[in-house]
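Below: the structure, in structure tokens.
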Amino acid sequence: MRLLVVEDDRDLNRQLVKALGQAGYAVDSAFDGEEGQFLGETEPYDAVILDLGLPKIDGVSVLEAWRVTGRKMPVLVLTARDGWSDKVRGFDAGADDYVTKPFHIEEILARLRALVRRATGHASSDLVCGPIRVDTRAGRVLVHGEPIRLTSHEYRLMSYLMHHIGRIISRTELVEHLYDQDFDRDSNTIEVFVGRLRKKLGVDVIKTIRGLGYLIEPPTTL
Amino acid sequence: MRRSYFPFSRISIGIRLVVTSVLSSIIILVGAAFVLSEIYRRAAERAFDERLYVYIQSMAASIASKNTANAYDPYGLGDPRFTLPLSGWYWQIRIEGSVPQNVFSSLSLFGGRLPRLEDLHVPAHDGSSREGYIIGPDERRLRLVERALELPDGARYLVQIAGNADEIEQTIQNFKNALWTAFALLACVLGVFTIFQVRFGLLPLSRLSSQISSIRRGLSDHVEGEFPDDIAPVASEINLLIESNRDILERARTQVGNLAHALKTPLSVILNEASGQSTLLAKKVREQADIMRDQVNWHLERARAAARAGAIGIATDIKPLLAGLQRTFLKIYAAKGLSIDVDCPDDLRFRGESRDFDDMVGNLVDNAAKWARQSITINAMALPVVDGRSFLEVVVSDDGSGLPAEKRADVMRRGQRLDETVPGSGLGLAIVADLAGLYGGSLALEDSDFGGLRARLRLPSL
Numbered sequence: 001m002r003l004l005v006v007e008d009d010r011d012l013n014r015q016l017v018k019a020l021g022q023a024g025y026a027v028d029s030a031f032d033g034e035e036g037q038f039l040g041e042t043e044p045y046d047a048v049i050l051d052l053g054l055p056k057i058d059g060v061s062v063l064e065a066w067r068v069t070g071r072k073m074p075v076l077v078l079t080a081r082d083g084w085s086d087k088v089r090g091f092d093a094g095a096d097d098y099v100t101k102p103f104h105i106e107e108i109l110a111r112l113r114a115l116v117r118r119a120t121g122h123a124s125s126d127l128v129c130g131p132i133r134v135d136t137r138a139g140r141v142l143v144h145g146e147p148i149r150l151t152s153h154e155y156r157l158m159s160y161l162m163h164h165i166g167r168i169i170s171r172t173e174l175v176e177h178l179y180d181q182d183f184d185r186d187s188n189t190i191e192v193f194v195g196r197l198r199k200k201l202g203v204d205v206i207k208t209i210r211g212l213g214y215l216i217e218p219p220t221t222l
Numbered sequence: 223m224r225r226s227y228f229p230f231s232r233i234s235i236g237i238r239l240v241v242t243s244v245l246s247s248i249i250i251l252v253g254a255a256f257v258l259s260e261i262y263r264r265a266a267e268r269a270f271d272e273r274l275y276v277y278i279q280s281m282a283a284s285i286a287s288k289n290t291a292n293a294y295d296p297y298g299l300g301d302p303r304f305t306l307p308l309s310g311w312y313w314q315i316r317i318e319g320s321v322p323q324n325v326f327s328s329l330s331l332f333g334g335r336l337p338r339l340e341d342l343h344v345p346a347h348d349g350s351s352r353e354g355y356i357i358g359p360d361e362r363r364l365r366l367v368e369r370a371l372e373l374p375d376g377a378r379y380l381v382q383i384a385g386n387a388d389e390i391e392q393t394i395q396n397f398k399n400a401l402w403t404a405f406a407l408l409a410c411v412l413g414v415f416t417i418f419q420v421r422f423g424l425l426p427l428s429r430l431s432s433q434i435s436s437i438r439r440g441l442s443d444h445v446e447g448e449f450p451d452d453i454a455p456v457a458s459e460i461n462l463l464i465e466s467n468r469d470i471l472e473r474a475r476t477q478v479g480n481l482a483h484a485l486k487t488p489l490s491v492i493l494n495e496a497s498g499q500s501t502l503l504a505k506k507v508r509e510q511a512d513i514m515r516d517q518v519n520w521h522l523e524r525a526r527a528a529a530r531a532g533a534i535g536i537a538t539d540i541k542p543l544l545a546g547l548q549r550t551f552l553k554i555y556a557a558k559g560l561s562i563d564v565d566c567p568d569d570l571r572f573r574g575e576s577r578d579f580d581d582m583v584g585n586l587v588d589n590a591a592k593w594a595r596q597s598i599t600i601n602a603m604a605l606p607v608v609d610g611r612s613f614l615e616v617v618v619s620d621d622g623s624g625l626p627a628e629k630r631a632d633v634m635r636r637g638q639r640l641d642e643t644v645p646g647s648g649l650g651l652a653i654v655a656d657l658a659g660l661y662g663g664s665l666a667l668e669d670s671d672f673g674g675l676r677a678r679l680r681l682p683s684l
């Protein structure tokens, strides 16, 4: 899962990027409205954390611009102004949730998980496919109830495929959603990760569709 | 209370103008009536005297020609009233210098005598004529004219004619009656015109005052339209005043907002820095930062409300606000699958800031949404007008577990004992009660029909 953090306070931005990275997300950051709007319009993010009080272009305008151009990623709004009018304005501009400053980082993580889950159409924080269970709350993967040790990149890949269960995901899409902007991307590494995952999980849930990408098929229920 | 040094300072301009103009009209009209009556009296007397002098002329002619054959009408005056006893019409001729005095008089005088005006010190004019009022033998007031004659043979006569003065008084009285009637009518017409004039003259002022009152009631936000040069400056000053009031409030609000932003972002940083660690210091920092957050929230909310209270002429349609809150809460609590029903008449207007309305109702709905199982209803309605003040009521009900009666007062009072608040407990209901109080409204909590809590928020409306 790849996220964008748009927050002008350098300390807060750094803290958010760090905490989100630890939670298993690939994170890009922007420090003003202009940069944030550009990144949001050009990169395929799975969710955005957007501060409303931004220099250059304010958060509500950025959000409106995204929605006008058809960007539908879930947006979590951060605001210091906790009047309900501001919240109504934010939601009407297209926000999906809000957190009022000051906040505990755990709250941000919980809300983000819920947003991503809702956006991909999952009701529970546990994503299950046959013997495999991805616990998004704890950030771990279990096979037959046994936790498997994964690197953060492996977890991201697994989590992304599980969130989009039943859909063929191209390599390019995986690269775009697993790495942040500054990462030296090489789609060949994806093959390596998939190979390692197959080995670690011990079960073959990830199918390769030649020329198209990868797919986790939902279990057929009888 | 300020004492008024001028006892009439509270009397309206209209009444002042009408009273002064009616009083001065009455004084002028009464004065004119007196002057006119006096002029008319003189003219009536002169006309009467002229008639009497005609008789004197005719008698003098007879005396000169010694033609006094007819005993009843020796001087050929031809008026039967001179022969009727005590008719009020008399003549008398004295032959001056004769001893005893030789006096002839009309039959009507019935042996009585007319006094000499000369003896009554009436001044003569033309050297020989006098006229004046006397009381006659019949106790009636008479108008008497006399003229001294001297014939060429040296005989001197005093010819006197008296007529009933009632005739003069009668014509004067008739004139006066007509005059007073005419003037009374004139006064009425003047009064009506004065009232019209004052009304018309003061029309711009009453227009201005009705505009100001509609600004105060929030129906309009500035004085509109053209005004006469005299009060146009007043109208534009009022607009400037309203604008500067709005500017000051806007600035205060922006500053409070900026302060909020400036304080809350660093607080977030502190909280997050501390949350990664489990040392005693980190724990203390988190705890204190939470208290600071609550303090900041409370005081900012108060400051914002105080900056807004006293705004002039602001009113808000509440239906779109309720719809906005509904959309927002449906999104916030999307995961919970809440249903939120809003029922609000189209024309209901809150007499105050939309942000305050959002904050009050938003906090109520937020509280309801936290406790509700499935549904929340928001009903807004106008309350009956009391003492000319109209109120609206927003009722937020939920189907949650409710709040025991003994805890309700606590929830609303909490804000005043901020140091005892538990972090994260929220100041929601306390700040709602506080804000409503600033607007002269109130918040009441009771059991809802669905088993949960029902909050009744009463606010001033238009």
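Residue numbers (our numbering), protein chains in the order written: chain A, 1 to 222; chain B, 223 to 684. Virtual Cβ for every residue (Gly too), placed ideally from N, Cα, C. Since the model is a prediction, treat every value here as computed from it, not as a measurement.
Buried versus exposed, by CB contacts within 10 Å (16 or more), residue i
| i | result |
| --- | --- |
| residue 341 (chain B) | exposed |
| residue 85 (chain A) | buried |
| residue 637 (chain B) | Unreliable positioning characterises residue 637 (chain B) in this predicted model, as indicated by a pLDDT of 49, which lies under 50. The coordinate reading is nonetheless provided below. Classification of residue 637 (chain B): buried, given that the 10 Å Cβ count is 16 or more. |
| residue 543 (chain B) | buried |
| residue 367 (chain B) | buried |
| residue 270 (chain B) | buried |
| residue 466 (chain B) | exposed |
| residue 323 (chain B) | exposed |
Reference residue i; option with closest CA among the options
| i | options | result |
| --- | --- | --- |
| residue 192 (chain A) | A:180, A:171, A:63 | A:171 |
| residue 296 (chain B) | B:280, B:655, B:604, B:546 | B:280 |
| residue 137 (chain A) | A:202, A:20, A:144 | A:20 |
| residue 551 (chain B) | B:543, B:542, B:364, B:562 | B:562 |
| residue 204 (chain A) | A:57, A:135, A:143, A:188 | A:143 |
| residue 49 (chain A) | A:79, A:68, A:23 | A:79 |
| residue 23 (chain A) | A:3, A:88, A:128 | A:3 |
| residue 474 (chain B) | B:512, B:490, B:523, B:516 | B:523 |
| residue 170 (chain B) | B:504, B:576, B:516, B:519 | There is simply no residue 170 (chain B) to check, as chain B begins at 223 and stops at 684 in what is shown. |
| residue 288 (chain B) | B:395, B:373, B:468 | B:373 |
| residue 47 (chain A) | A:18, A:119, A:123, A:135 | A:119 |
| residue 611 (chain B) | B:573, B:476, B:331, B:589 | B:573 |
| residue 331 (chain B) | B:596, B:306, B:426, B:589 | B:306 |
| residue 62 (chain A) | A:83, A:43, A:34 | A:34 |
| residue 478 (chain B) | B:381, B:520, B:379 | B:520 |
| residue 260 (chain B) | B:397, B:301, B:276, B:302 | B:397 |
| residue 605 (chain B) | B:680, B:593, B:541 | B:680 |
Same chain only: Cβ atoms within 6 Å of residue i, ignoring 5 sequence neighbours per side
| i | result |
| --- | --- |
| residue 648 (chain B) | Below a pLDDT of 50, predicted positions are generally treated as unreliable, and residue 648 (chain B), at 49, falls in that range; the measurement from the model is reported next regardless. Counting only Cβ-Cβ distances below 6 Å, and skipping sequence neighbours, we find nothing. |
| residue 66 (chain A) | 40 |
| residue 555 (chain B) | 591 |
| residue 364 (chain B) | 356, 358, 384, 387 |
Check whether residue i and residue j have beta carbons under 8 Å apart
| i | j | result |
| --- | --- | --- |
| residue 508 (chain B) | residue 496 (chain B) | yes |
| residue 630 (chain B) | residue 684 (chain B) | no |
| residue 614 (chain B) | residue 570 (chain B) | yes |
| residue 194 (chain A) | residue 580 (chain B) | no |
| residue 111 (chain A) | residue 126 (chain A) | no |
| residue 200 (chain B) | residue 244 (chain B) | Residue 200 (chain B) lies beyond the stretch modelled for chain B, which goes from 223 to 684, so this question has no answer here. |
| residue 336 (chain B) | residue 352 (chain B) | no |
| residue 492 (chain B) | residue 511 (chain B) | yes |
| residue 326 (chain B) | residue 314 (chain B) | yes |
| residue 115 (chain A) | residue 157 (chain A) | no |
| residue 547 (chain B) | residue 587 (chain B) | yes |
| residue 179 (chain A) | residue 26 (chain A) | yes |
Close beta carbons around residue i, own chain, < 7 Å, minus the five adjacent residues each side
| i | result |
| --- | --- |
| residue 255 (chain B) | 401, 402, 405 |
| residue 217 (chain A) | 166, 207 |
| residue 393 (chain B) | 266 |
| residue 45 (chain A) | 2, 3, 4, 73 |
| residue 140 (chain A) | 147 |
Cut-off 8 Å between Cβ atoms - residues of its own chain near residue i, not counting five sequence neighbours on either side
| i | result |
| --- | --- |
| residue 670 (chain B) | 619, 620, 621, 624, 676 |
| residue 131 (chain A) | 143, 144, 203 |
| residue 169 (chain A) | 160, 161, 213, 214, 215 |
| residue 15 (chain A) | 105 |
Supposed close pair residue i, residue j - CB separation, criterion 8 Å
| i | j | result |
| --- | --- | --- |
| residue 549 (chain B) | residue 91 (chain A) | 6 Å |
| residue 95 (chain A) | residue 75 (chain A) | 5 Å |
| residue 658 (chain B) | residue 665 (chain B) | 5 Å |
| residue 31 (chain A) | residue 8 (chain A) | 5 Å |
| residue 602 (chain B) | residue 634 (chain B) | Actually they are not in contact, since the Cβ atoms of residue 602 (chain B) and residue 634 (chain B) sit about 21 Å apart, beyond 8 Å. |
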